[in-house]
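Only one structure is covered here, and it is reproduced in the block below.
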Amino acid sequence: MGRRTSWQTTYAQPDGNMRLDVTTAAVRARKNGEWVPVDSSVVAGPVGLAVAAAVTPMTFSGGDDGLPLATIERDGHTLSLDVPFDLPEPAVDGNQLTYEDVLPDVDMIVTVNSDATGFTEVLRVGSPEAATDPRLDRLTLPLKLSAGLDVVPSDGGAEARTSTGELVFAIPTPRMWDSSVAGPTGPAMRPTEGSPQDLFYGVGTRAEEVEGHRPDRAVAPLGGETVVGMPIEVSDGALSVRPDEALLTAPETTWPVYIDPGATAILNQYAAVRTVVGTKTGWSNEGVGLCSQASASDCTATFKSRLLWRFQDMGPIGALDPGNIISATFSVYGQHSYSCTPQPVSLYRVNDFNAGSVGWDGGFLALQSTVTVAHKATCAGQPDRWIEFPAAEAAQAVAGVDASVLAVGLVANEGSMAYWKRYRWDARYSVVYNRAPSSPSDVRIDNPSTPCVTGAGRPYIRSTTPTIAATLSDPDGDNLYGQFDVINLANGARVWGPRNTAAQGSGARHAAFVDSGLVDGGTYRFQVAPVDTSYGWAGSTSACEFVVDTTRPVSPTITPVPGQPAVYLEGRSAGGLGQTGSFTLAPGASADVVGFQYSFNSGSLGATVSVSPGASLTVPFTPTQYAGVQVLRVASVDRAGNVSDTRLYSFIVKFPGVWRLDEGNGTAAAGTGYTGQRFPLTVSPSTTWVGGMLAESGFSSTDKALLFDAASDVASTSGPVIATDVSYSVMAFVKADAATGTATAVSQDGTTTSQFELGLLHDASCPTSNGTCWVFGVAATDSSSPGVVRAMSTVPVQVGQWFHLVGIRRAGQIELSVCALGAGDSLLVSPQPVLSGQVPLSSTWRATGAMRVGRGFAGGSATHPWLGTVDNVQVMDGPASVGKLRTACAQVE
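One point on numbering: in numbering that gives the first Met the number 0, the residue at position 218 of the sequence shown is 217, and numbering is uninterrupted.
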């Protein structure tokens with residue numbers, strides 16, 4: 000509830016229960032946005048005089064500041080009372096102001112209530128001569144109210160109410176009394192210890208803590224005085240009272256005489272209802288039972304008396320369920336009893352009442368409890384003290400109708416004065432409650448993660464041992480545990496649980512592992528109820544339903560879509576870089592497939608793409624980086640999240656093809672294979688265009704080639720051409736102008752080194768006698784120590800002559816084909832390719848850099864520049880066949 004007001008305090012008890020204490024007297028005030036103890040002392044204010052820490056802010060005249068005598072505020076409403084004479088600067092003593100000689104020998108005394116909720120203003124008339132002043136015949140007090148308030152008469156007093164009838168301020172029936180001294184204290188009337196406003200103490204204050212309050216006749220009668228009421232006359236903008244002339248002129252009157260209009264901000268009310276002398280409000284302590292003149296001379300008449308208390312703003316209790324209320328206690332301070340013999344006194348729940356108008360029939364509805372006590376200062380072991388009455392039924396009644404007012408009353412045996420007792424006004428009502436936990440929130444299956452659904456949309460899960468969970472909270476902050484169980488919806492049988500989780504604080508997540516009882520194909524409901532450990536309250540149950548499905552779907556089917564730019568059949572070559580093909584993924588024999596996971600050329604599958612149950616999915620694929628072998632991986636996903644075995648679908652994207660190098664000038668050489676201009680070569684400006692092999696032989700004057708005679712000469716693509724981690728072939732016609740060092744005609748860059756290099760090698764490992772040989776080298780790793788594997792040819796390197804080189808990479812091995820062609824007009828007519836033999840290759844990786852003509856790449860830098868001519872470069876997917884080698888060598892293509 001977390002609620003605190005000037006009259007209410009909420010406590011969290013060690014036993015986990017909550018307690019709301021409501022007091023008649025205010026116990027704290029708001030100051031600068033903070034709660035502080037009430038301080039009714041009068042201090043200098045921004046204007047005039049103010050109260051140090053008031054529950055309802057009050058301002059008083061400083062004498063010459065033009066302010067009315069008193070202004071009180073509550074919840075945005077204000078009431079101002081003034082007097083029909085000038086006010087001097089007052090003398091301030093604690094919570095009391097004295098304006099001396101406002102009339103001759105007449106003082107105005109204003110006293111702030113001890114709980115700072117209102118004030119009394121008393122005219123102290125000092126002598127019979129002062130009482131003859133005609134201005135005392137009728138006292139008219141100017142009254143000003145804020146907008147929205149109206150003042151109405153009420154049983155001799157007046158009330159300021161809103162347009163909806165809410166009581167905001169009360170002006171009790173004015174009284175006047177003389178200064179007669181009471182005789183010896185009788186059993187009926189004990190001298191009071193000040194007005195209700197003089198008694199301030201917090202919840203739980205013991206009797207001895209208030210014994211020091213001094214009686215003050217300038218606030219209220221002390222007992223023994225002659226007291227006369229003066230009904231208020233309400234007129235437009237004023238309240239009027241007529242002092243009792245008989246009291247002012249009676250020879251037995253003891254002077255001074257006090258006349259007391261005042262105002263207070265009403266919240267909780269109290270009243271003494273009597274059979275003869277009428278209802279009394281604003282009392283300090285009052286009696287209950289029979290007051291008989293025959294038994295006690297202090298009884299001004301023989302009458303019966305009952306005491307009522309009305310606690311307002313009890314909405315927090317009204318909002319409870321009656322069953323939430325564990326106990327309730329009404330506490331009141333007993334100040335006097337007729338004798339030391341304990342006698343019964345009873346507490347009742349009563350009808351709602353208005354203290355200013357309630358009559359004898361207060362509507363005593365339901366007995367709460369009866370206690371048998373005596374409480375008297377002279378009784379050994381039975382002193383003045385707090386008396387507690389169990390009163391749970393009253394709180395439950397308020398909760399039962401969602402009310403906001405609770406009223407109780409004390410009744411004693413009214414047949415004999417032996418039962419007479421007196422009680423103080425400042426009662427307390429305490430309610431101990433414990434609300435049921437809140438409904439569980441975020442109820443779901445945590446593993447596998449599944450939302451909470453009931454009915455036809457219930458989810459499917461792929462586990463017979465799920466973890467079910469909920470967040471549990473308690474409105475009172477108590478510790479909770481969760482009670483989980485699982486029900487088979489087919490037959491209503493509990494198949495698991497109930498199981499209790501460990502107790503945790505409010506707002507914690509509770510999870511339970513269902514370790515048994517579930518089978519594939521079963522439909523279930525799990526439910527959870529929060530349980531309050533401190534009092535055993537179980538909150539409302541929340542439930543979720545699910546179906547167990549642990550059967551994996553079959554692998555999907557994959558079908559290429561016809562009519563696309565490329566149709567990639569399984570295991571076949573087609574299309575090329577930039578040519579889009581599409582594939583239809585179908586669930587096969589599994590009707591509960593709701594999605595597919597797929598990927599191209601990745602070892603892992605992508606996220607699930609959802610489809611309607613049993614539907615197919617068409618996915619496009621456009622190769623943009625690598626030609627060669629491509630792999631489509633696909634798995635079906637059913638509604639429980641089960642994933643099928645992965646279906647692998649391999650197909651081949653054709654390489655770009657041929658760079659004929661016949662442009663003859665400029666810095667670009669077109670690739671003319673399967674994708675036309677997809678991968679042109681950018682030729683460095685220093686590279687020279689020369690006549691090609693066919694031009695040298697006289698076969699074709701238009702045949703051109705590139706001459707590389709400087710380290711800066713190179714022709715490069717913008718990105719990778721060959722998928723180097725699958726089978727491929729790379730070939731070129733080459734003529735070396737020097738054979739004194741390693742030189743590379745064609746390569747493709749990795750990050751640090753070339754993945755392959757096709758050219759010549761100058762090394763002792765060569766199988767030729769001069770240490771120079773044709774070579775196809777493949778790097779095992781993309782690093783500064785690449786571990787190059789080489790296929791080397793026994794065909795001799797001859798400077799100035801043309802050769803056709805083919806590097807072949809197939810699964811687990813490499814091979815080099817060399818075809819010697821001769822030079823000039825002596826080119827061989829029917830050359831034959833010579834194969835090097837297959838060399839094992841265990842490591843593969845995909846080079847992501849450009850294809851280069853005219854150099855290699857090592858240690859992150861260009862290396863092995865070619866010195867000579869290169870013509871008609873060609874790449875293809877897969878290993879070149881012997882037939883392909885022969886036709887390429889013979890320049891048939």
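Quick reminder that beta carbons are idealized off the backbone N, C-alpha and C, glycines included.
A check of alpha carbon separations from Thr77 across Leu142, Met17 and Leu135 identifies Leu142 as the nearest.
Pro830: not part of any beta strand (DSSP E); DSSP gives it neither H nor E. Here Leu884 is not bridged, per DSSP, to any residue.
Here Thr741 is near Leu760, since their CB atoms are less than 8 Å apart. For Ile231, no beta strand (DSSP E) run applies, since DSSP gives it neither H nor E. Secondary structure of Asn664 (DSSP, three-state): coil. For Val518, no beta strand (DSSP E) encloses it, and the DSSP letter there is neither H nor E. Residues of the same chain with a CB within less than 6 Å of the CB of Ala51, apart from the 5 flanking positions on each side, are Asp38, Ser40 and Val42 in chain order. Between Gly853 and the set Thr500, Ile557 and Val713, the nearest pair of CA atoms involves Val713.
Straight through space, the alpha carbons of Val628 and Ser581 are spaced by roughly 16 Å.
If you look at Gly314, you'll find it in the alpha helix (DSSP H) that goes Gly314 to Gly317. Across the set Gln292, Val275, Asn350 and Ser726, the C-alpha of Asn350 shows the shortest separation from the C-alpha of Arg309. In this structure, the CA atom of Arg498 is about 41 Å from the CA atom of Gln367. Where Gly399 is concerned, the enclosing alpha helix (DSSP H) starts and stops at Ala391 to Gly399. Beta-bridge partners assigned by DSSP to Pro141: Ala237. Contact check for Trp865 and Gly758: beta-carbon distance about 6 Å, within the 8 Å limit, so the pair qualifies. DSSP places Glu128 inside the alpha helix (DSSP H), whose first and last residues are Pro127 to Ala130. Taking a cut-off of 8 Å on C-beta distances, the region 125-136 does not touch the region 218-225, as fewer than three cross pairs fall below it. Taken through DSSP and simplified to helix, strand or coil, Leu68 comes out as coil. Between Ile721 and Gly877 a beta carbon distance of about 11 Å is seen, past the 8 Å cut, so the two are scored as non-contacting. Distance check between Gly516 and each of Ala492, Ser782 and Glu544 places Ala492 closest, using alpha-carbon atoms only. Counting C-beta pairs with one atom in each stretch, the region 770-789 and the region 694-713 have fewer than three that are closer than 8 Å, which means they do not touch. Taking Pro447 as the centre and dropping the five residues before and after it, the same chain places the C-beta of Ile460, Arg461, Ser462, Pro465 and Gly640 closer than 7 Å to its C-beta, in chain order. For Gln831, the number of other beta carbons within 10 angstroms of its own is below 16, and it is reported as exposed.
Here Val518 is exposed. Its C-beta has fewer than 16 other C-beta atoms within 10 Å. With a cutoff of 8 Å on beta-carbon distance, Asp441 and Ala510 are scored as not near each other. In this model, Arg457 and Ala435 are separated by some 29 Å (Cα to Cα).
In the displayed model, Leu247 falls within a helix according to three-state DSSP. Inter-residue distance for Ala588 and Val874 is about 42 Å (C-alpha atoms, whole angstroms).
A straight-line Cα-Cα distance of about 33 Å links Gly770 and Thr681. Secondary structure within the region 279-343: the beta strand (DSSP E) runs of 3 or more consecutive residues, fully enclosed, are 284-290, 302-310 and 324-336 (chain order). The C-alpha of Gly786 lies about 14 Å from the C-alpha of Ile813. Taking a 10 Å sphere around the C-beta of Gln342, we find 16 or more other C-beta atoms and assign the residue as buried. Just so you know, the alpha carbons of Val111 and Glu72 end up roughly 14 Å apart. Looking from the CA of Gln334, the closest CA among Leu834, Asn284 and Val344 belongs to Asn284.
Within a 10 Å sphere around the beta-carbon of Phe84 sit fewer than 16 other beta-carbons, which makes this residue exposed.
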